[in-house]
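J.:
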Amino acid sequence: MEPRRDPRGALVRPYAVTRGRTEPLQNIALEAVLSCTPTQSAEARFAGHDKYRIASVCEGRAQSLAEIAAYTRMPLGVTRVLVADMVAEGLLTLHTAAPATGFAARMNLLGRVLSGLREL
Amino acid sequence: MDFANYDPAGANRSREIISAKIVIAGGFGVGKTTLVGAISEIQPLTTEALMTAAGVGIDDPSKVPGKETTTVAMDFGRITMAEDLILYLFGTPGQTRFWFMWDEIIRGAVGAAVLVDTRRITDAFAPLDYFENRNLPYVVALNRFDDAPQYELEEVREALAISPDVPLVMCDARRRDSVKQVLVTVVEHAMLRLQAEHGFAAPVG
Chain A
451 MEPRRDPRGA LVRPYAVTRG RTEPLQNIAL EAVLSCTPTQ SAEARFAGHD KYRIASVCEG
511 RAQSLAEIAA YTRMPLGVTR VLVADMVAEG LLTLHTAAPA TGFAARMNLL GRVLSGLREL
Chain B
190 MDFANYDPAG ANRSREIISA KIVIAGGFGV GKTTLVGAIS EIQPLTTEAL MTAAGVGIDD
250 PSKVPGKETT TVAMDFGRIT MAEDLILYLF GTPGQTRFWF MWDEIIRGAV GAAVLVDTRR
310 ITDAFAPLDY FENRNLPYVV ALNRFDDAPQ YELEEVREAL AISPDVPLVM CDARRRDSVK
370 QVLVTVVEHA MLRLQAEHGF AAPVG
């Protein structure tokens, strides 16, 4: 059945999968990486279709929030709400994005990125 | 939590994976996605954000009757450098009216490259001003188009009023080695900036 065009526009419809919630439990960065073990993925089967899709995308290969949104074709804001829920529920493991503070930590990361680029 | 110690096969204890990102900016059609695609290990992906009611007055609703939201698309790529290190390249949306999206893209970024097309040099003004204001280390890369007028780098530096400490390089966004050099320049510049901020080198001038 084709969804009827809503005269009020499509503003809220994408958030139906989050039951209307637009604020994530935590604000996960675009490039923050998430991973999912087979155990977590098996558990996610019971967490609903969208969460299981997200778990499947991350199983076997860690993916950023941006990649999860792209592969599941869900808008970024919706994906962020669902992913933050899954982290809280233990269905996904959230890894750290680049350290924002600390001279030594930032220099170390930049140095690693630089040698990584040079080795390409 | 009751099951805090229940951790079969280290399910929630996996090794940390650090991700970093570099931002690729520039006007519409300047070759941002081409650049990302030349070096990314995956086909550039697109993620979409919905522009909500706040942006409705800015978009032109007459073009899409009945549509009150717009999707803002951004392209990005990935370079897995090690098991625990991934670099992401994010292209900014072409239209500068999507500034709210830029704030999200640059948060925590290593630095940025502003791609310039010499046929539409003024397209670079908005991203240059933006990165200057946000204090994000950036470099300027002239994307060489075969049919575009060729300028000396210093002519372009003058035309864009780029300060002498900002690196300016020539590139071909289609070529992997050329793109690699642009990214190396971004990271080197970010390191110099960070060192200067911590008093490791005397500021120029």
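Going down the list, the protein sequences come from chains A and B.
What the first sequence shows, in my numbering, is residues 451 to 570, in sequence order.
What the second sequence shows, in my numbering, is residues 190 to 394, in sequence order.
Glycine included, each C-beta is placed from N, C-alpha and C at the ideal position.
With a 10 Å radius around its C-beta and 16 neighbouring C-beta atoms as the bar for buried, classify A/Ser565 as buried or exposed.
T.: Within the first sequence, the letter at position 115 stands for residue 565 of chain A. By the 10 Å Cβ count, A/Ser565 comes out exposed.
J.: Thinking C-alpha only, which one of B/Phe320, B/Arg323, B/Asp361 is nearest B/Phe334?
T.: As a working mapping, residue 334 of chain B is identified with position 145 in the second sequence. Nearest of B/Phe320, B/Arg323, B/Asp361 to B/Phe334, Cα basis: B/Asp361.
J.: Please name the residue, chosen from B/Gly297, B/Gln339, B/Trp291, that lies closest to B/Pro316 on a Cα-to-Cα basis.
T.: For the purposes of this step, residue 316 of chain B is taken as the residue at position 127 of the second sequence. That would be B/Trp291, whose Cα lies nearest to the Cα of B/Pro316.
J.: When the cut-off is 8 Å and only beta carbons count, does A/Arg556 lie next to chain B?
T.: Here residue 556 of chain A refers to the residue found at position 106 of the first sequence. It does: the Cβ of A/Arg556 has a partner Cβ on chain B nearer than 8 Å.
J.: At the 8 Å Cβ level, is A/Leu579 part of the contact set with chain B, yes or no?
T.: Any question about residue 579 of chain A goes unanswered here, given that chain A covers just 451 to 570.
J.: With a Cβ-Cβ cutoff of 8 Å, do A/Ser485 and A/Ala512 count as a contact?
T.: Mapped onto the first sequence, residue 485 of chain A falls at position 35. Mapped onto the first sequence, residue 512 of chain A falls at position 62. Against a cut-off of 8 Å, the Cβ pair of A/Ala512 and A/Ser485 comes out as a contact.
J.: Note down the Cα distance separating A/Ala555 from B/Ala337, rounded to an integer number of angstroms.
T.: Position 105 of the first sequence, counting from 1, holds the residue named residue 555 of chain A. Position 148 of the second sequence, counting from 1, holds the residue named residue 337 of chain B. Distance between the alpha carbons of A/Ala555 and B/Ala337: 42 Å.
J.: Can you tell me whether B/Ala271 is buried or exposed? The criterion is at least 16 other CB atoms within 10 Å of its CB, across all chains shown.
T.: The sequence position of residue 271 of chain B within the second sequence is 82, counting from 1. Exposed, since its Cβ has fewer than 16 Cβ neighbours within 10 Å.
J.: Could you name the residues of the segment 296-321 of chain B whose beta carbon sits closer than 7 Å to any beta carbon of chain A, in the order they occur along the chain?
T.: Of all residues in the segment 296-321 of chain B, Arg296, Gly297, Val299 have a Cβ within less than 7 Å of some Cβ in chain A.
J.: Could you list which residues in chain B have their beta carbon closer than 8 Å to that of A/Phe553, in chain order?
T.: Numbered from its first residue, the first sequence carries residue 553 of chain A at position 103. Within chain B, the residues near A/Phe553 are Leu383, His387.
J.: What does the alpha-carbon distance come out to for the pair A/Pro549 and A/Asn477?
T.: Taking the first sequence and counting its residues from 1, one reaches residue 549 of chain A at position 99. Taking the first sequence and counting its residues from 1, one reaches residue 477 of chain A at position 27. Approximately 15 Å between the Cα atoms of the pair.
J.: Following the continuous beta strand (DSSP E) through A/Met524, name the residue where it begins and the one where it ends.
T.: The residue you call residue 524 of chain A lines up with position 74 of the first sequence. Looking at the DSSP string, A/Met524 is not in any beta strand (DSSP E), and its letter there is neither H nor E.
J.: How long is the line joining the alpha carbons of A/Val531 and A/His499, rounded to whole angstroms?
T.: Working through the first sequence from its first residue, we reach residue 531 of chain A at position 81. Working through the first sequence from its first residue, we reach residue 499 of chain A at position 49. A/Val531 and A/His499: Cα-Cα distance of roughly 15 Å.
J.: Around the C-beta of A/Gly552, are 16 or more other C-beta atoms found within 10 angstroms, so that it is buried, or is it exposed?
T.: Taking the first residue of the first sequence as position 1, residue 552 of chain A is located at position 102. Classification for A/Gly552: exposed.
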